[in-house]
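Line by line, the protein sequences give chains A and B.
Heads up: the first sequence begins at 3 in this note's numbering, then just goes up one per residue.
Heads up: the second sequence begins at -18 in this note's numbering, then just goes up one per residue.
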Amino acid sequence: MMIKLATEENSLTKGLQQFFKRLLATEEIDALFLPVRLTASSSIMPSLVTDADQIENAVPLSPAFPLNSGRMVSRLSYKLSGRKTAVLLRPCEMRAFIELIKLKQGSRQELILIGMDCPKALTASDYTAYMEKDPLADDAYIQKVFSEKDDTLNGFHFSSACQTCENPFPVNADINIFLHGVDLSEGVMMDSGSESGQKILESLKMPEASMPANREEIVAQIKEANSIANSAMVKDIEEKTNSIPKLTAFFDRCINCYNCRNMCPVCYCKECVFNTDVFYHQPVQYHQWAEKKGIVKLPTDTVFYHLTRLAHISHACVGCGQCSNACPSDINVFELFKSVAQQTQAAFEYSPGTDENDPPPLSVFHEKEFEDIIGIERE
Amino acid sequence: MQQETFEPVIVAFVCNWCTYTAADLAGTSRLSYPSNIRLIRVMCTGMVDPQYVIKAFLEGADGVLISGCHPGDCHYINGNYKARRRVKLLKEILPRFGIEKDRLRLTWIGASDGIEFAEVMTQLNDQIIEMGPSQASVSKAI
């Protein structure tokens, strides 16, 4: 069913806060997980909320995207807690969480997943600078992103992940929040995506509504514009990294902090091979490398690390851009990963986070497939 | 001129039960195959992580071969099918960085195919020589 959620005191944010308060008041929901502005700072972090008063600080739609919450929801759901939680996620966070469900690192059994039209994001460093330089109020921000076509925010560009995202719309959720095409001065549209979502929307006893007519057109426009931006980005990054020497130069500044891995929502190993003794080389090993090549840069194994990560998880990359966000050396990890991910995902006809029942490509096989890669005939 | 003296480095991950046994048979049958090919015995091609192949190329291999049992013959039931998916994956990723598709090969060579083993190794060696040195091997990257 579809309902219209009205604004509260002419504020969309307050209207949404009211919705979350009512959710928390129902018997089905014990806790909420959503972005909350932390007191005494401008930081907005995903938080688990059980106190209705705290919802006053919730900011469901903002340019803050400090991390991909999909991974945090995995922490909340990999075992049963005996509590039902309503979780608000951006589309790429939702896709990441669906991937983690497939890997048994999360479960939606005790969750109500709420998806939304993506409110876009600034990179972490841009967000900090933006907040210091006359930021828009929460409602003005929503109007700006969903009503105006301008792609900058007080001079800051949205992150390249957002600009090239071909699917910034909710999928797989129990409840969807729609903003594109909706008259935001009146409120937002909500739609149930599952039986449990429908039950909740029914319990709110709001009048049924129908989808605004021009939404599909707007969605198509966004997809097309972002797809064009994506093609340009991919072409550019391919040019910059199409050989091992170029790739080496691209990762020159990598300090092996592994932030990109730690912030990657789909890098799923409990213990990464790069943290094991395999890479705890003997001192003599470094000398042997140096003697063989004349020079060896330390830390070693940086290009190897990124290539391995590409092989391990590019099929599951949801394109959230948090790898670039987390890089202290400002390496554009995201662009490289997205360009390779497109290729590997196309090779296995895999679309991460779209269908919960579609197994990860490297976890399955068929007897008859890829026959052309066997043997030593030249391709 | 350089082509004539080019001795490639080819790393071959061969499974214990089929291709390694075939290599053994080739040896006991006194068949010869190019010494450019360095065999690494693994229990199953299904255990060859993509990172082994990547490391081999970054360390200067001009070619990498993964060779195991024919479909249906895997000692561990389905390891070779898993290997095939990983090779497919690598053949998508490596060319993106200038390591040609044909430098990575997957073959099925059964335990009794000693002659086939020697032939395949010779052909592979010839092909890699024809392709020339891998550009990944001249770099300082490790």
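We put the CB at the ideal spot given by N, CA and C, even for glycine.
Here the structure is a predicted model, which is why all the values come from computation and not from measurement.
Closest by C-alpha distance to B:Trp89, out of B:Met28, B:Pro15, B:Arg67 and B:Cys50, is B:Cys50.
Here A:Thr278 carries a coil assignment [DSSP, helix/strand/coil]. In chain B, no part has a C-beta under 8 Å from the C-beta of A:Arg263; the shortest such distance is about 14 Å. Beta-carbon to beta-carbon, A:Cys329 and A:Asn261 are separated by about 6 Å, close enough to satisfy the 8 Å threshold. Counting only the Cα atoms, B:Ile80 lies some 12 Å from A:Lys248.
Taking 8 Å as the threshold, the shortest C-beta distance from A:Asn244 to chain B falls below it. The C-beta of B:Ala64 has 16 or more other C-beta atoms within 10 Å across all chains shown, which makes the residue buried. Per DSSP, A:Pro285 lies in no beta strand (DSSP E); the unbroken alpha helix (DSSP H) holding it starts and ends at Pro285 to Lys295.
With a threshold of 16 other beta carbon atoms within 10 Å, B:Asn106 meets it and is buried. Taking C-beta separations shorter than 6 Å and ignoring five residues to either side along the sequence, the partners of A:Gly195 in its chain run Ala175, Asp176 and Asn178, following chain order. For the C-beta of A:Ile375, the chain B residues within less than 8 Å are, from N- to C-terminus, Arg65, Val68, Lys69, Lys72 and Leu87. Under a criterion of Cβ atoms nearer than 8 Å, the residues of chain B adjacent to A:Leu364 are, in order, Lys63, Arg66, Arg67 and Leu70. Separation of A:Glu150 and A:Leu186 (C-alpha to C-alpha, rounded to the nearest whole angstrom) is 12 Å. Three or more beta-carbon pairs drawn from the region 58 to 67 of chain A and the region 110 to 128 of chain A are found closer than 8 Å, and the two stretches are therefore classed as touching. Runs of the alpha helix (DSSP H) lying entirely within the region 175 to 240 of chain A and spanning at least 4 residues, in chain order: 197 to 205. Where B:Ser48 is concerned, the enclosing beta strand (DSSP E) starts and stops at Gly44 to Gly49. Counting only residues of its own chain and dropping the five nearest sequence neighbours on each side, B:Lys72 has a CB closer than 7 Å to the CB of Lys82 and Leu85.
Proximity of the region 84 to 95 of chain A to the region 18 to 34 of chain A meets the contact definition, three or more beta-carbon pairs being nearer than 8 Å. In the pairwise beta carbon analysis, the region 333 to 345 of chain A is classified as touching the region 221 to 237 of chain A: at least three pairs are separated by under 8 Å. Sequence-ordered contacts of the region 333 to 349 of chain A with chain B read Ser341, Val342, Gln345, Thr346, Ala348 and Ala349 [C-beta pairs closer than 9 Å].
Beta-bridge pairing by DSSP links A:Leu14 to no other residue.
A check of alpha carbon separations from A:Ser45 across A:Leu155, A:Gln345, A:Met133 and A:Val221 identifies A:Met133 as the nearest. Distances from the CA of A:Val190 to each of A:Pro214, A:Gly199, A:Ile202 and A:Leu206 were compared; the closest alpha carbon is that of A:Pro214.
For A:Cys120, no beta strand (DSSP E) encloses it, and the DSSP letter there is neither H nor E. As far as DSSP is concerned, A:Ile31 takes part in no beta bridge. A:Lys104 sits buried, since 16 or more C-beta atoms from the chains shown fall within 10 Å of its C-beta. Close to B:Ala7, with beta-carbon spacing below 7 Å, lies no residue of chain A; the smallest spacing is near 16 Å.
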